[in-house]
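Residue numbering for the sequence shown follows this note's numbering, beginning at 35 and increasing consecutively.
Below you'll find the structure, written out as structure tokens, and then a few comments.
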Amino acid sequence: MTKFYFIPWPPTKLLKRRSVSACWPGYLVFLWALFGLALSPSLKAQTAFGVNGVGDIVRFDLSNPGVFEAVVGNSGAAQFPGGLDADGTGNWYLCDAANTQFWYKLNQVTAIAELVGGTGVAAGQTPTDLSWDDFNKRMLMLTTNPTINSQIYEVNVTTGVATLLGTVTAETVGVSLAVDPTNGDIYLQGNVTDTWYRVNPTTFTATALNPLPFDANFGQGGNFAADGSVIYHAAFNSGSFAAELWSVNKTTGTATLIGAFPAGEQISDVFVFQPFTNDLALGSIGFNPCSGAVSVLIGNIGTSNQSNFDVSYTQTPGAIVTETVAQTLAPFDVTLYTFATPANVAPNTYTIAASIVPIDGNETNNTLAPLNVTVGTAINTFPYEEDFEAGLPASWSQETQATDGGWLPGTAGSLSSAFWTIPGTNSTNIVATNDDACNCNKDQERLITPIFDLSGFAPGDGVRLEFDAYLTGHSEAMAL
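In structure tokens, the structure reads:
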């Protein structure tokens, strides 16, 4: 019998297997997290994105925050995510509440967060919000501490290295940050005083505007309108005990309620979406080692319909394959396209990369990190039994984009981490994938069995796979 134990929250996944008593057609892929799809009939001029306390990325119209047009997906950020914004080239970034390893780049189709890094923040400071300074072409991040003043950093979006610009004075516990795109003026909201401040970009002295007409608490976030006319404040109102969207006058601080977010939600940051006219993006790459089928998830992030566009994949070793996707994608539509030309499935180790061929507004989302896959020799002797006592067998493989190697062999103790302890098992060695240990992206971990050749069996022969599975957690899934 094969036993699978999955323990994904806190973010640890554990798999143990003992044996397979018969066989299984094709191959098995064990997938921890499934992406959410961003579907919408049309793009609105006032489209915004927000992040909630568990890392879900949501899309809504600024004039109607009570209806989420889509939950794009769960980012998988390790700590409470507090900052969300896009840079000047259209890439999306997220910061969470960790003092280190806080900087993520978001996949615009699946919302999955790829850990970039995060260093340079002073001890005791917690990142609370970020805002793109379009006037000075830089990403700013706000940090706070309950007992000392807030600080403002410039973050290198490529490396996650934060450089201190200054410590804010005359303000307490800053949680929201917004930068005026027309002149680079800095604004922040103090959670203790329930007030927005204008911050001098040279001295970092805060000047209070009019106080908010409600008691703001918990997660907050801010972002300017694209024309710099108003601040949008994603707030939590302790009086109504609801998450709400407010507009704030940047001169006076006067706040006007736009509306409440859906009941039970807490939006900790928001950014106003400024799309390109043409912008196709890749969401994921998939490979079937039995058939050689290569699939790509494609999303339209621009404002114009996209029709009959080309996509390519490259199998190394191998040649480039380019095909035309003969369909029309409306804004925010997605499609899963499977290439008609399969990849090579001869036993070998391959790298598979994909790209969208058209040149569009944001070329940085036209490619993804490649898959590294191993195709082994088919199993045709049954019953098939295997374990992990000697490590990952040579006939098994994995697909991973994580930085620590993905599924790792070891004992329950050696694979545990500070915030998650793997329980005892009925074997000495197991394999596990644990994104708490590496604080890296583990949202699409695939552990792959050998190919099972069942050509010697007939219907009714009782071919079966036996296993026990254990799964618990939040916003996680296992698929066979």
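We put the CB at the ideal spot given by N, CA and C, even for glycine.
When you compare each of ALA157, PHE102, ARG480, VAL150 to ASN190 by their alpha carbons, which one comes out closest?
The sequence position of residue 190 within the sequence shown is 156, counting from 1. It is VAL150 whose Cα lies nearest to the Cα of ASN190.
Quick check on this structure: which residue in PRO443, THR241, ALA269 has the alpha carbon closest to the alpha carbon of ALA277?
In the sequence shown, the residue the question calls residue 277 occupies position 243. Residue ALA269 is the option with its Cα nearest to ALA277.
Return the first residue and the last residue of the beta strand (DSSP E) that GLU148 is part of.
Start at 1 with the first residue of the sequence shown, and residue 148 comes out as number 114. Here the beta strand (DSSP E) through GLU148 covers 147–151.
Is PHE64 helix, strand or coil when you go by DSSP?
As a position in the sequence shown, residue 64 is number 30, starting the count at 1. The pLDDT assigned to PHE64 is 31, lower than 50, so where the model puts this residue is not dependable; a value taken from the coordinates is nonetheless given after this. Three-state DSSP puts PHE64 in a strand.
DSSP state of ASP163 mapped onto helix, strand, coil:
Your numbering for residue 163 matches position 129 in the sequence shown. Of the three classes helix, strand and coil, the one that applies to ASP163 here is strand, per DSSP.
Could you pull the DSSP bridge partners for PRO404 from this structure?
As a first step, residue 404 must be located in the sequence shown, where it is residue number 370. Note: PRO404 sits in no beta bridge, so no partner.
Let's test the definition: count the other Cβ atoms within 10 Å of the Cβ of LYS171 and tell me whether it reaches 16, buried, or not, exposed.
As a position in the sequence shown, residue 171 is number 137, starting the count at 1. Classification for LYS171: exposed.
What does the alpha-carbon distance come out to for the pair GLY507 and VAL264?
The residue given as residue 507 occupies position 473 in the sequence shown. The residue given as residue 264 occupies position 230 in the sequence shown. Any reading at GLY507 needs caution, since the residue's pLDDT is 47, under 50, leaving its predicted position unreliable; the model's value is listed next. Distance between the alpha carbons of GLY507 and VAL264: 40 Å.
In the structure shown, what three-state DSSP assignment does GLU433 receive?
Position 399 of the sequence shown, counted from the first residue, corresponds to residue 433. Three-state DSSP puts GLU433 in a strand.
Starting from ASP28, follow its DSSP beta bridges and name the residues at the other end.
The first residue shown for the chain is 35 and the last is 514, placing residue 28 beyond what the model contains.
Using 8 Å as the Cβ pair cut-off and three pairs as the minimum, do the segment 112–127 and the segment 253–262 touch?
yes
GLU357 (DSSP reduced to helix, strand or coil):
Working through the sequence shown from its first residue, we reach residue 357 at position 323. The answer is strand: DSSP assigns GLU357 an E or B state.
In its own chain, which residues sit with a C-beta less than 7 Å from the C-beta of GLN349, not counting the 5 before and 5 after it?
Translated into the one-based positions of the sequence shown, residue 349 becomes position 315. Cβ within range, chain order: ALA377, ASN378, TYR384, ILE386.
Suppose contacts are defined by Cβ-Cβ distances below 7 Å. Is ASN86 in contact with GLN300 by that definition?
Start at 1 with the first residue of the sequence shown, and residue 86 comes out as number 52. Start at 1 with the first residue of the sequence shown, and residue 300 comes out as number 266. Cβ atoms of ASN86 and GLN300: closer than 7 Å.
Assigned secondary structure, CYS129 (DSSP; H/G/I helix, E/B strand, else coil):
Here residue 129 corresponds to residue number 95 of the sequence shown, with the count starting at 1. Strand at CYS129.
Write down the C-beta distance between TRP441 and LEU481 rounded to the nearest angstrom, noting that I regard them as a contact closer than 8 Å.
Indexing the sequence shown from 1 puts residue 441 at position 407. Indexing the sequence shown from 1 puts residue 481 at position 447. TRP441 to LEU481, Cβ: 5 Å. Contact.
For THR398, three-class secondary structure by DSSP:
Stepping through the sequence shown from its first residue, residue 398 is reached at position 364. Here THR398 sits in helix by DSSP.
Based on Cα-Cα distance, which residue from ALA250, ASP168, THR192, HIS267 lies nearest to GLY218?
Within the sequence shown, the letter at position 184 stands for residue 218. Of the listed residues, the one whose Cα sits closest to GLY218 is ASP168.
Compute the Euclidean distance between the alpha carbons of PHE295 and GLN223, then round it to the nearest angstrom.
As a working note, residue 295 is residue 261 in the sequence shown. As a working note, residue 223 is residue 189 in the sequence shown. Distance between the alpha carbons of PHE295 and GLN223 is about 20 Å.
Meets three-Cβ-pair contact criterion under 8 Å: the segment 229–239 and the segment 200–215
yes
Say whether the segment 361–370 touches the segment 334–345, bearing in mind that this needs 3 or more beta-carbon pairs closer than 8 Å, one atom from each stretch.
yes
How is ALA388 classed by DSSP in three states: helix, strand or coil?
Along the sequence shown, read from residue 1 onward, the residue named residue 388 stands at position 354. ALA388 falls in the strand class under three-state DSSP.
If we call anything under 7 Å between Cβ atoms a contact, is THR201 one with ASN244?
Here residue 201 corresponds to residue number 167 of the sequence shown, with the count starting at 1. Here residue 244 corresponds to residue number 210 of the sequence shown, with the count starting at 1. No, Cβ-Cβ distance for THR201 and ASN244 is not below 7 Å.
Taking the CB atoms as reference points, tell me whether GLY152 and TRP137 lie closer together than 7 Å.
Within the sequence shown, the letter at position 118 stands for residue 152. Within the sequence shown, the letter at position 103 stands for residue 137. A contact, by the Cβ cut-off of 7 Å.
Cβ-Cβ separation, ALA388 to LEU402 (assumed contact under 8 Å), whole Å
Looking up residue 402 in the sequence shown gives position 368. Looking up residue 388 in the sequence shown gives position 354. That belief holds up - the Cβ atoms of LEU402 and ALA388 are roughly 7 Å apart, short of 8 Å.
Look up SER451 in the DSSP assignment and give the residues it is bridged to.
Indexing the sequence shown from 1 puts residue 451 at position 417. DSSP lists TRP454 as partners of SER451.
Check the C-beta distance from ALA147 over to ALA111 and give it rounded, since I have them as a contact under 8 Å.
Working through the sequence shown from its first residue, we reach residue 147 at position 113. Working through the sequence shown from its first residue, we reach residue 111 at position 77. Right, the Cβ-Cβ distance comes to about 5 Å (below 8 Å), so this counts as a contact.
In the DSSP output, what is ILE319 paired with across the bridge?
Against the sequence shown, residue 319 aligns to sequence position 285. Note: ILE319 sits in a beta bridge opposite VAL330.
LYS139: first and last residue of the uninterrupted beta strand (DSSP E) it sits in
Position 105 of the sequence shown, counting from 1, holds the residue named residue 139. Unbroken beta strand (DSSP E) run through LYS139: 137–140.
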